[in-house]
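**Q**
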Amino acid sequence: MTKMMNKAQGLGLSLITRIAGSEVIDQFNLRKLIEKSLYQGSKAGFKSLSQSQKFFKSQLLKKQRLSPQGKNLFDLNLSEEQQMLVESMHQFAQEILYPLAARADHNETFPQELWQHAKDLGLNEYALPEALGGVADHLNIVSNILITEQLGRGDFSLATGLLSGFSAINALSRWGSEQVQARYLTAFNHPNDLKATFATQENSSAFNPFQLDTQAIFKDQQFYITGEKTLVLLGETADLLLVSADYNGQADVFVAIRDSTVSYKKCPAMGLKACETVTLKFNQTPAERLGDEDFDYSAFLDLGQLMWCALAIGTCEAVKNYCVRYANERMAFGEPISHRQSIAFIIADMAIEIEAMRMMLWNAASLAEAGEPFHREAYLAKLLCAEKSMKIGTDGVQILGGHGFTKEYPVERWYRDLRATAILYSGLHA
Amino acid sequence: MNLQNPKKYKLMVQQAREVALHVLRPISRKYDKAEHSYPKELDMIASLIDGMNEGGEGLNAGAVVGKRGADIQGNKNGVNMSTALGIMEMCYGDTGLLLSMPRQGLGNSAIAAVANDSQLERFKGMWAAMAITEPDCGSDSAAIRTTAIKDGTDYILNGEKIFVTSGQRADSIVVWATLDPKLGRAAIKSFVVPKGTAGMKVERLEHKLGIKASDTAAISFINCRVPAENLLGNPDIDIAKGFAGVMETFDNTRPLVAAMAVGCARASLERIKEIFKDQLDQNYATPYLQTSYLAAQIYRMEAEWEAARLLTLKAAWMADNKKPNSKEASIAKAKAGRIGNKITLKCVELAGSVGYGEDELLEKWARDSKILDIFEGTQQIQQLIIARRELGKTSSEIK
Numbered sequence: 001m002t003k004m005m006n007k008a009q010g011l012g013l014s015l016i017t018r019i020a021g022s023e024v025i026d027q028f029n030l031r032k033l034i035e036k037s038l039y040q041g042s043k044a045g046f047k048s049l050s051q052s053q054k055f056f057k058s059q060l061l062k063k064q065r066l067s068p069q070g071k072n073l074f075d076l077n078l079s080e081e082q083q084m085l086v087e088s089m090h091q092f093a094q095e096i097l098y099p100l101a102a103r104a105d106h107n108e109t110f111p112q113e114l115w116q117h118a119k120d121l122g123l124n125e126y127a128l129p130e131a132l133g134g135v136a137d138h139l140n141i142v143s144n145i146l147i148t149e150q151l152g153r154g155d156f157s158l159a160t161g162l163l164s165g166f167s168a169i170n171a172l173s174r175w176g177s178e179q180v181q182a183r184y185l186t187a188f189n190h191p192n193d194l195k196a197t198f199a200t201q202e203n204s205s206a207f208n209p210f211q212l213d214t215q216a217i218f219k220d221q222q223f224y225i226t227g228e229k230t231l232v233l234l235g236e237t238a239d240l241l242l243v244s245a246d247y248n249g250q251a252d253v254f255v256a257i258r259d260s261t262v263s264y265k266k267c268p269a270m271g272l273k274a275c276e277t278v279t280l281k282f283n284q285t286p287a288e289r290l291g292d293e294d295f296d297y298s299a300f301l302d303l304g305q306l307m308w309c310a311l312a313i314g315t316c317e318a319v320k321n322y323c324v325r326y327a328n329e330r331m332a333f334g335e336p337i338s339h340r341q342s343i344a345f346i347i348a349d350m351a352i353e354i355e356a357m358r359m360m361l362w363n364a365a366s367l368a369e370a371g372e373p374f375h376r377e378a379y380l381a382k383l384l385c386a387e388k389s390m391k392i393g394t395d396g397v398q399i400l401g402g403h404g405f406t407k408e409y410p411v412e413r414w415y416r417d418l419r420a421t422a423i424l425y426s427g428l429h430a
Numbered sequence: 001m002n003l004q005n006p007k008k009y010k011l012m013v014q015q016a017r018e019v020a021l022h023v024l025r026p027i028s029r030k031y032d033k034a035e036h037s038y039p040k041e042l043d044m045i046a047s048l049i050d051g052m053n054e055g056g057e058g059l060n061a062g063a064v065v066g067k068r069g070a071d072i073q074g075n076k077n078g079v080n081m082s083t084a085l086g087i088m089e090m091c092y093g094d095t096g097l098l099l100s101m102p103r104q105g106l107g108n109s110a111i112a113a114v115a116n117d118s119q120l121e122r123f124k125g126m127w128a129a130m131a132i133t134e135p136d137c138g139s140d141s142a143a144i145r146t147t148a149i150k151d152g153t154d155y156i157l158n159g160e161k162i163f164v165t166s167g168q169r170a171d172s173i174v175v176w177a178t179l180d181p182k183l184g185r186a187a188i189k190s191f192v193v194p195k196g197t198a199g200m201k202v203e204r205l206e207h208k209l210g211i212k213a214s215d216t217a218a219i220s221f222i223n224c225r226v227p228a229e230n231l232l233g234n235p236d237i238d239i240a241k242g243f244a245g246v247m248e249t250f251d252n253t254r255p256l257v258a259a260m261a262v263g264c265a266r267a268s269l270e271r272i273k274e275i276f277k278d279q280l281d282q283n284y285a286t287p288y289l290q291t292s293y294l295a296a297q298i299y300r301m302e303a304e305w306e307a308a309r310l311l312t313l314k315a316a317w318m319a320d321n322k323k324p325n326s327k328e329a330s331i332a333k334a335k336a337g338r339i340g341n342k343i344t345l346k347c348v349e350l351a352g353s354v355g356y357g358e359d360e361l362l363e364k365w366a367r368d369s370k371i372l373d374i375f376e377g378t379q380q381i382q383q384l385i386i387a388r389r390e391l392g393k394t395s396s397e398i399k
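Sequence lines, in order, name chains C and S.
Numbered according to this note's numbering, the first sequence spans residues 1 to 430.
Numbered according to this note's numbering, the second sequence spans residues 1 to 399.
(1) Is there at least one Cβ from chain D nearer than 8 Å to S:Leu391's Cβ?
(2) Taking the beta strand (DSSP E) that C:Ser177 falls in, what are its first and last residues?
(3) Chain S beta carbons: is any one of them nearer than 8 Å to that of C:Ile352?
(4) With 16 as the cutoff for other CB atoms within 10 Å, does S:His207 come out buried or exposed?
(5) Could you list which residues in chain S have their beta carbon closer than 8 Å to that of C:Val142, in chain order?
(6) Could you tell me whether any Cβ in chain C is nearer than 8 Å to the Cβ of S:Asn80?
(7) Counting only C-beta atoms, is C:Val86 closer than 8 Å to chain S at any point?
(8) Is the distance from the Cβ of C:Glu276 to the Cβ of C:Glu113 below 8 Å?
(9) Please report the straight-line C-alpha distance between C:Gly227 and C:Ser426, rounded to a whole angstrom.
(10) Which residue marks the beginning of the alpha helix (DSSP H) containing C:Gly393, and which one marks its end?
(11) Could you tell me which of S:Phe163, S:Leu183, S:Val226, S:Gln383 sits nearest to S:Lys195, measuring between CA atoms?
(12) Could you tell me whether any non-hydrogen atom of the ligand PLP is closer than 7 Å to the CB of S:Asp151?
(13) Distance, Cα to Cα, C:Thr421 vs S:Gln379?
(14) Smallest Cα separation from C:Tyr415: which of C:Gln305, C:Ala182, C:Phe156?
(15) Between the alpha carbons of C:Gln250 and S:Lys335, how many angstroms are there, rounded?
(16) Less than 8 Å between the beta carbons of S:Arg271 and S:Leu362, yes or no?
(17) Using 8 Å as the limit for Cβ to Cβ distance, is C:Asp296 near chain S?
(18) Tell me the rounded alpha-carbon separation between C:Asn192 and C:Leu242.
(19) Please list the segments of the alpha helix (DSSP H) lying wholly inside the stretch 71 to 143 of chain C, counting only runs of 4 or more residues, in order along the chain.
(20) Would a check of beta-carbon distances place C:Asp75 closer than 8 Å to chain S?
(21) Would you report the Cα separation of S:Ile222 and S:Tyr9, rounded to the nearest angstrom?
(22) Let me see if you follow: with CB-CB separation under 8 Å, is S:Glu360 close to chain C or not?
(23) What is the DSSP secondary structure of S:Asn223, counted as helix, strand or coil?
(24) Flag this pair as touching only if the stretch 183 to 192 of chain C and the stretch 139 to 159 of chain C have three or more C-beta atom pairs under 8 Å; answer yes or no.
(25) With 8 Å as the threshold, decide whether the Cβ of S:Pro255 is near any Cβ in chain C.
(26) Answer with buried or exposed for C:Ser263, where buried requires no fewer than 16 other C-beta atoms within 10 angstroms of its C-beta.
(27) Give the single residue among S:Ile331, S:Gly392, S:Ala308, S:Ala296 whose Cα lies nearest to the Cα of C:Leu383.
(28) DSSP puts S:Asn2 in a beta bridge; with which residues?
(29) Would you report the Cα separation of S:Ser28 and S:Gln15, rounded to the nearest angstrom?
(30) Which residues in the same chain have their Cβ closer than 6 Å to the Cβ of S:Asp94, if we skip the five residues on either side of it in sequence?
(31) By the 7 Å beta-carbon criterion, what residues does the stretch 12 to 45 of chain S contribute toward chain C?
(32) Report the three-state DSSP secondary structure of C:Gln222 (helix, strand or coil).
(33) Rounded to whole angstroms, how far is the Cβ of C:Ala381 from the Cβ of S:Glu390, which I believe are closer than 8 Å?
(34) Using a Cβ-Cβ cut-off of less than 8 Å, give me the residues of the stretch 300 to 312 of chain S that come near chain C, in sequence order.
(35) Between which two residues does the alpha helix (DSSP H) holding C:Gln472 run?
(36) Looking at the unbroken alpha helix (DSSP H) that takes in C:Pro68, where does it start and where does it end?
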């Protein structure tokens, strides 16, 4: 017992030492944020270590709900903290994600070194409520989508993979019942490699997330899930699964721990290659209901849509920036192709629609953060992002012409990844 | 972050909505038919607006926008925002009538943007129209041929202007003219020419596709003499600064034209949603792929419209906060101009003969919206401005 405690304590301290010495942190200007999160982390860590030799041992915990933040004036300014987040995530995306992206896509493998970076960045601490050793003291939906857009500029798939655990924490703290939070959310407050993901998509044409084939039944004080889910991000290795299923004719969400009743099959797709997407088959898998009386399945879906919109916007920025450079360098008929209106106007339209998508997303996200109804805004944002981001994806390949069609250039990858924006419901959560 | 309309303008927006529905809509068709006749019903509304403007940030239709005043500390929602919001409501009523609103001309915006303090005082309460376009120069405003030659303490204007909105009704015309055609853009200045000045004459009024309630004049200037103090802004020819002076006006007026497109399109969108209310899920609870074709079309229009509205508010917000907004003003104008036209035309299509006929106003809004993608810089001019900015190119590189 004592030995185990020492080991766990040692793990925490070595993490602190490694982060404190990390140049990445200074470079990304994240020290302040991390220090804050570490302070909270160590405080809660010392308190609860003796109770937590296992990940999912329940702790006594009052139900966590982050409080909303609202404003009176129209305001597009980012707070200081948001600016800092944007800057550091931007740099991380350019220097770490982008260089890894082509190989990860080609190998269809999520680079393991990214998990260490994710820890260094403190993504999970950022999402976890203060009472659980994180730094979240309010709903941070706007910051979440700002982070996501920036990561999306590095790479759509890698950002998606990085954010799956972060999203699970968001969903658990937003919707989790007291019982579910005590058992699962607390597990993220430890220096472990706990991986969580969503199993919400089903393999049907024109998938309707309100009509699920996957079934949940309630028997002997326990839910059991049976059915198949597809395009599960990093589903081969995830320990904790948020699963949507039909219960008594209503779509609902459940939490399940990976066990032998869950089998998987790789399901590679057009894009999202680095997320190692799989199909998961549930056969009488024991589960708990995620939420209780304040659970809102429609809002659960909407908060997923906001993340996909943010990823699409970030990726579209990457497409635009790449096309700007290319069009200014590529010569035809004695001048850069950017001097032709046919090319220049495509770039202008990219800029117009990216800004249009961003305003739609910001509107929905800030309403959600203020605790206001935001379904209409999320619905329309998703609609616009699905259409415009794909247009930008295809225009990006077009500007590069034959080059764009080859794997020598990143635009074909963005093209394949951006197609996912219209297709996925949930899978992530702001 | 917050993208909802500021609470402090709620009452103003409500008032504007009342005006739109109960003053403008009832006379909408009347002045669409009676082109060139003066909508006298507007005089009362104009006085009301003047009164509200006296009180500060009230309802106005474009006269007082600008980026003037002390530096901004923190976040501000000011006259650019309130004007854009007011215009959206008024154009939801009728775009042509909004453009005919006394003392709310684009010339007033130009004065607000570039006039010095004594000029602001002298031109206060005046209705000013704007004269830029010439028969041989539209979007290429650097090619203006109307000349202004210094003669003692006066300038003498010679040339011909077309497409002057409210050119016949306004108290004065803000005329763009060049001090020296050889010096290009830097030599272009704007002059306030009061109605009745000898040498200025309204030659004709245009017959148009839409916004018929608004008079569009062709005006000639033959040895028209104006005092030097009617030159707005700085009389020096600053080659380095070039066009900046006059173009600054556009940073403030383009978001307003975007607001017109947003307001006009909303009229069509609301009407079409009313017509098809039984086919629409009011709660947006049906996923897009499960909706009917008709509903899907309407939701997509609504998404585009919402985007244009927010881009317009962003450009206005930036002006209120003295952030450079040329690109954002063009983005707002480009997006709102194109979707305003697309939405109003699509609504006629969806409603079929009901939309095409004159019993409804849908066909009128489809005609009115076209100009909003043309004046204050066409769609293509906005795209050029945005493209140059994105690509880091000059106007001689991307032509």
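Note that beta-carbon positions come from the ideal geometry of N, C-alpha and C, so glycine has one too.
These numbers were taken from a predicted model, which means no experiment stands behind them.
**A** Let me spell this out:
(1) As a matter of chain content, chain D is missing from the structure shown, whose protein chains are C and S.
(2) In the DSSP assignment, C:Ser177 falls outside any beta strand (DSSP E) and carries neither an H nor an E.
(3) Residue-level contact by beta carbon holds for C:Ile352 and chain S, with a gap shorter than 8 Å.
(4) exposed
(5) Met1
(6) no
(7) Put simply, the CB of C:Val86 is far from chain S, with every gap to its CB atoms at 8 Å or more.
(8) no
(9) For C:Gly227 and C:Ser426, the distance between alpha carbons rounds to 17 Å.
(10) 375 to 400
(11) S:Val226
(12) With respect to small molecules bound, the structure shown includes none, and the ligand PLP cannot be examined in it.
(13) Spanning the two alpha carbons is a distance of roughly 28 Å.
(14) C:Phe156
(15) 40 Å
(16) yes
(17) no
(18) 19 Å
(19) 80 to 92, 98 to 107, 113 to 121, 123 to 127
(20) yes
(21) Rounded to whole angstroms, S:Ile222 to S:Tyr9 spans 46 Å at the Cα level.
(22) no
(23) strand
(24) no
(25) With 8 Å as the cut-off, S:Pro255 does not count as an interface residue toward chain C.
(26) Under this definition C:Ser263 is an exposed residue.
(27) S:Ala296
(28) C:Asp75
(29) CA-to-CA, the gap between S:Ser28 and S:Gln15 works out to about 18 Å.
(30) Leu24, Ser28
(31) Result list empty, no residue passes.
(32) strand
(33) So it is not a contact: roughly 23 Å between Cβ atoms.
(34) Arg300, Glu302, Ala303, Glu304, Glu306, Ala307, Ala308, Leu310, Leu311
(35) Summary: the structure shown does not reach residue 472 of chain C, with chain C confined to residues 1 through 430, and so no result is reported for it.
(36) That residue, C:Pro68, is in no alpha helix (DSSP H); it is neither H nor E in DSSP.
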